[in-house]
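For the sequence shown, position 185 (counting from the first letter as 1) is numbered 185 according to full-length UniProt numbering, and the numbering increases by one without interruption.
Ideal Cβ positions, reconstructed from N, Cα and C, are used throughout, including at glycine.
What you are looking at is a predicted structure, and each value in this text was computed from that prediction instead of being measured.
Please read the structure below before turning to the comments.
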Amino acid sequence: MKKESPACMFIEKVCKMLGIAALLSYYSRNMLLLAEIWSTLESETGQLSSTRSSIITCSAFAVQETLEKTRESLTTNTAKEMMPKIDKSGRFCSPRAARELALLIVYAACLEGSDPIRLFERRVNSRREPGYEFNKASLLEYNHMSFGGPPVTTGSAEEADELMRNDEEESAIEAEVLSAPPKLVYSKLLLRFTRKLLVAVVDKWDNHVCIIDKVIPPNWKDQPAGRILELSILHLAMSEITVLGTRHQIVINEAVDLAKRFCDGAAPRIINGCLRTFVRDLEGTARTEAKQEVSSEEKLPLKALRLSVHLVRRAIGY
């Protein structure tokens with residue numbers, strides 16, 4: 001019989017104390033995670049000379065926080081591994097790609113003053129130029145999670161040149177992928193999802209214009225022409241929540257990532273706040289309507305009872 005290590009025994013007792021014993025078997029299958037939990041606890045509580053004294057002195061909140069952080073990290077990494085970027089046909093299959101395409105279509109439609117759905121269909125059905133060849137290897141190098149950041153300081157001219165070359169190569173890959181015919185880049189499922197997003201945006205455009213005007217900051221109202229991309233992200237996210245019914249947590253995270261990728265400054269933070277205000281108001285409206293429906297349903301039996309009494313009185317001549 002294999003003897004358990006003090007680390008395993010300690011984690012088991014702590015998990016039972018916190019009421020999360022069900023997580024024990026999940027974490028114990030991965031010794032690297034167990035070692036990470038143990039080292040974190042050891043750094044917070046000092047040398048664990050004995051199991052009993054450690055349980056007494058260790059903060060339960062610190063243990064739970066460590067387990068939660070480790071679980072979130074594992075879930076994120078597992079989700080990224082389980083979500084392939086390219087399908088068997090060699091095309092994008094991630095929903096992020098569909099939202100990115102829908103955003104670019106809405107942005108281009110705003111600049112042209114055209115209908116997003118017609119623009120999308122025209123681009124999808126456009127004929128390829130004679131001799132055009134698309135390098136599918138660029139799809140593997142294209143990074144949907146490439147975000148801008150603060151200015152980078154380099155220690156030498158060689159490092160600066162290398163950064164410039166990497167940026168130029170990344171820009172060339174993005175230009176090749178985004179300008180390619182959509183049927184070569186995106187799977188059929190993603191193209192259908194993109195069209196659903198665009199239909200939702202068009203259907204809710206007028207309603208969401210009024211809502212967006214209430215939630216955006218004043219400086220965005222003063223320069224709407226310079227904030228077309230940010231406003232397009234808001235339209236896209238609000239339409240996906242209200243029409244397609246996607247969970248607002250997912251939509252907000254995706255919208256913030258799109259803002260990090262294509263916008264600058266405080267746009268991601270502002271878009272996050274605007275969408276959370278929108279969702280809060282939406283949930284408040286839904287609760288109010290639900291209460292009104294319940295009150296109206298409660299009044300119906302009273303009306304029926306009064307009508308029955310009235311009919312009975314007429315029947316007996318009272």
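- In this chain, the alpha helix (DSSP H) harbouring Cys-110 covers 95 to 112.
- Separation of Arg-195 and Ser-114 (C-alpha to C-alpha, rounded to the nearest whole angstrom) is 15 Å.
- For Ile-250, the uninterrupted alpha helix (DSSP H) run begins and ends at 248 to 262, by DSSP.
- Scanning its chain for C-beta atoms nearer than 6 Å, with the 5 sequence neighbours on each side dropped, one finds around Leu-184 the residues Phe-134, in chain order.
- Counting the other Cβ atoms within 10 Å of the Cβ of Glu-254 gives 16 or more, which makes it buried.
- Shortest Cα-Cα distance from Arg-247 to any of Leu-282, Leu-258, Ala-225 involves Leu-282.
- With a 10 Å radius around the Cβ and a threshold of 16 neighbouring Cβ atoms, Val-209 comes out exposed.
- It is roughly 44 Å from the alpha-carbon of Glu-129 to the alpha-carbon of Pro-217.
- Spanning the alpha carbons of Gly-226 and Thr-285 requires a straight line of approximately 32 Å.
- Sixteen is the threshold: when 16 or more other Cβ atoms of the shown chains lie within 10 Å of the Cβ of Thr-242, as they do, the residue is buried.
- For the set Asp-161, His-144, Val-201, Arg-192, the Cα lying nearest the Cα of Ile-173 is the one of His-144.
- In this structure the region 154 to 169 does not lie against the region 197 to 207, because fewer than three pairs of beta carbons, one per stretch, are closer than 8 Å.
- For Pro-218, the uninterrupted alpha helix (DSSP H) run begins and ends at 218 to 222, by DSSP.
- When secondary structure is reduced to three states using DSSP, Phe-92 falls in the strand class.
- Using a Cβ distance threshold of 7 Å, Leu-229 and Tyr-107 count as a contacting pair.
- Along the length of the region 158 to 207, whole alpha helix (DSSP H) runs at least 4 residues long occupy 182 to 185, reported in chain order.
- Sequence-distant partners of Val-256 (beyond 5 residues in either direction) whose C-beta falls short of 7 Å from its own C-beta, in its chain, are Pro-268, Ile-271, Asn-272.
- Membership of Phe-120 in the alpha helix (DSSP H) is indicated by the continuous run 116 to 124.
- Of all alpha-carbon atoms in Gly-90, Ile-212, His-235, the one lying nearest the alpha-carbon of Tyr-142 is that of Gly-90.
- Taking the Cα of Ser-179 as reference, the smallest distance to any Cα among Glu-121, Ala-266, Leu-104 is reached at Leu-104.
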